[in-house]
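Engineer: Following the working numbering, the numbering of the sequence shown begins with 736 at its first residue and continues without gaps.
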Amino acid sequence: MKVTSYVVGLLVLFFANQSFAQSHFDSEVNESNHISSKATIHHQEEEDFKRHKVSVYMGYTYIPQAIPSQEGLLVPTFGLDYVYQFSEKWSIGLINDIEIAQYMVEVKNSGSHGEHGHLETLDREYAYVGSLVVFYSPWESWKIGVGPGFEIEKNKNLFVGKFIFEKEFKLHDGWELSPNFQYDMKEKLYDTWTFGVSIGKRF
Numbered sequence: 736m737k738v739t740s741y742v743v744g745l746l747v748l749f750f751a752n753q754s755f756a757q758s759h760f761d762s763e764v765n766e767s768n769h770i771s772s773k774a775t776i777h778h779q780e781e782e783d784f785k786r787h788k789v790s791v792y793m794g795y796t797y798i799p800q801a802i803p804s805q806e807g808l809l810v811p812t813f814g815l816d817y818v819y820q821f822s823e824k825w826s827i828g829l830i831n832d833i834e835i836a837q838y839m840v841e842v843k844n845s846g847s848h849g850e851h852g853h854l855e856t857l858d859r860e861y862a863y864v865g866s867l868v869v870f871y872s873p874w875e876s877w878k879i880g881v882g883p884g885f886e887i888e889k890n891k892n893l894f895v896g897k898f899i900f901e902k903e904f905k906l907h908d909g910w911e912l913s914p915n916f917q918y919d920m921k922e923k924l925y926d927t928w929t930f931g932v933s934i935g936k937r938f
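(1) I'd like the span of the beta strand (DSSP E) that includes Pro811, first residue to last.
(2) Just curious, the beta strand (DSSP E) that Trp910 is in, first and last residue?
(3) Within 10 angstroms of its Cβ, does Glu886 collect 16 or more other Cβ (buried), or is it exposed?
(4) To the nearest angstrom, report how far apart Asp858 and Ser933 are at their CA atoms.
(5) Which whole-angstrom value is the C-beta distance of Tyr871 and Lys824, which I expect to be below 8 Å?
(6) Measure the C-alpha to C-alpha separation of Leu854 and Leu808 and round it to an integer number of angstroms.
(7) For Asn844, does the count of other Cβ atoms within 10 angstroms reach 16, so buried, or fall short, so exposed?
(8) Exposed or buried, Ser804, counting other C-beta atoms within 10 Å across all chains shown (16 or more means buried)?
(9) Excluding the five sequence neighbours on either side, which residues of its own chain have a C-beta within less than 6 Å of the C-beta of Ser822, listed in chain order?
(10) If you drop the 5 nearest sequence neighbours on each side, which residues of the same chain put their C-beta closer than 6 Å to that of Ile879?
(11) Can you give me the C-alpha to C-alpha distance between Val842 and Pro914, rounded to a whole angstrom?
(12) Cutting at 6 Å between CB atoms, please list the residues of its own chain near Tyr918, excluding the five before and the five after it.
(13) Within the same chain, show all residues whose beta-carbon is closer than 8 Å to that of Ile776, passing over the 5 residues directly before and after it, in chain order.
(14) Within the same chain, show all residues whose beta-carbon is closer than 7 Å to that of Leu906, passing over the 5 residues directly before and after it, in chain order.
(15) Within 10 Å of its beta-carbon, does Glu834 have 16 or more other beta-carbons around it, so buried, or fewer, so exposed?
(16) Which word fits Thr812, buried or exposed, when buried means at least 16 other C-beta atoms lie within 10 angstroms of its C-beta?
(17) Where Met839 and Asp926 are concerned, what is the direct C-alpha to C-alpha distance, given to the nearest angstrom?
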């Protein structure tokens, strides 16, 4: 009788140990599968996150100080931009615009001692503006950008401060449509506002 009880005890202990080992093995397998699944998802997200974007821009620039018009002047503007995305929130871009027009603006001339002098005209012909802009995304698909730039024009080159506000609409296969507003301050001589849309490709 004692032998039978001893054998039964050994069998119970053996099966209990086997059950615990199987349970521990299943737990380790599940944990390994979970980690592997998270790593796969993270890798897929990294692959889906495209850091580069090239865009073609088309719009109109409003010059309020253009003469002889009393209501300002609208000129067609085209651009080619490149943006590098650091993260979901931050990016930096090289913004290039050219105005397809010839016009004059009325600006204040500084006197010899720094005081404001008389008004004078400034000729502008096919002015090109290149700017280095830092973008921040406060909300998904919305971007605010600010940065320094330089306007190259045969009569007078100017330093530029640029502000951009835009909304990105995602299309198929990495393409995006982005309406935007730009404000340029040109050495306190005159300002411009540009409204347009860009078509870009992420890769």
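Ideal Cβ positions, reconstructed from N, Cα and C, are used throughout, including at glycine.
Structural biologist: To lay it out plainly:
(1) Numbered from its first residue, the sequence shown carries residue 811 at position 76. Its beta strand (DSSP E) spans residues Leu808 to Gln820.
(2) Locating residue 910 in the sequence shown gives position 175, counting from the first residue. Unbroken beta strand (DSSP E) run through Trp910: Trp910 to Lys921.
(3) What you label residue 886 is simply residue 151 of the sequence shown in a count that begins at 1. So Glu886 ends up on the buried side.
(4) Residue numbering aside, residue 858 sits at position 123 when the sequence shown is read from its first letter. Residue numbering aside, residue 933 sits at position 198 when the sequence shown is read from its first letter. Between Asp858 and Ser933, the C-alpha separation is close to 28 Å.
(5) The residue given as residue 871 occupies position 136 in the sequence shown. The residue given as residue 824 occupies position 89 in the sequence shown. Their Cβ separation, rounded to whole angstroms, is 6 Å, which keeps Tyr871 and Lys824 in contact under 8 Å.
(6) Mapped onto the sequence shown, residue 854 falls at position 119. Mapped onto the sequence shown, residue 808 falls at position 73. Computed Cα separation, rounded: 19 Å.
(7) Indexing the sequence shown from 1 puts residue 844 at position 109. Burial call: exposed.
(8) Numbered from its first residue, the sequence shown carries residue 804 at position 69. Counting Cβ neighbours within 10 Å, Ser804 comes out exposed, since fewer than 16 surround it.
(9) Stepping through the sequence shown from its first residue, residue 822 is reached at position 87. Result list for Ser822: empty, nothing under 6 Å.
(10) Along the sequence shown, read from residue 1 onward, the residue named residue 879 stands at position 144. Counting only Cβ-Cβ distances below 6 Å, and skipping sequence neighbours, we find Tyr871 and Phe900.
(11) On the sequence shown, residue 842 is found 107 positions in, with the first residue counted as 1. On the sequence shown, residue 914 is found 179 positions in, with the first residue counted as 1. If I take the Cα positions, the gap works out to 30 Å.
(12) Here residue 918 corresponds to residue number 183 of the sequence shown, with the count starting at 1. Only Phe898 and Trp928 meet the Cβ criterion.
(13) On the sequence shown, position 41 is the one that residue 776 refers to. With a pLDDT of 48 at Ile776, under the threshold of 50, the modelled position of this residue cannot be trusted; read the value that follows with caution. Closer than 8 Å at the Cβ level, and outside the excluded window around Ile776, lies no residue.
(14) Residue mapping note: residue 906 aligns to position 171 of the sequence shown, counting from 1. Taken in chain order, the residues that qualify are Leu912.
(15) If you number the sequence shown from 1, residue 834 lands on position 99. Answer is buried; the Cβ neighbour count reaches 16.
(16) For the purposes of this step, residue 812 is taken as residue 77 along the sequence shown, with counting starting at 1. Answer is buried; the Cβ neighbour count reaches 16.
(17) Locating residue 839 in the sequence shown gives position 104, counting from the first residue. Locating residue 926 in the sequence shown gives position 191, counting from the first residue. Going from the Cα of Met839 to the Cα of Asp926 covers about 13 Å.
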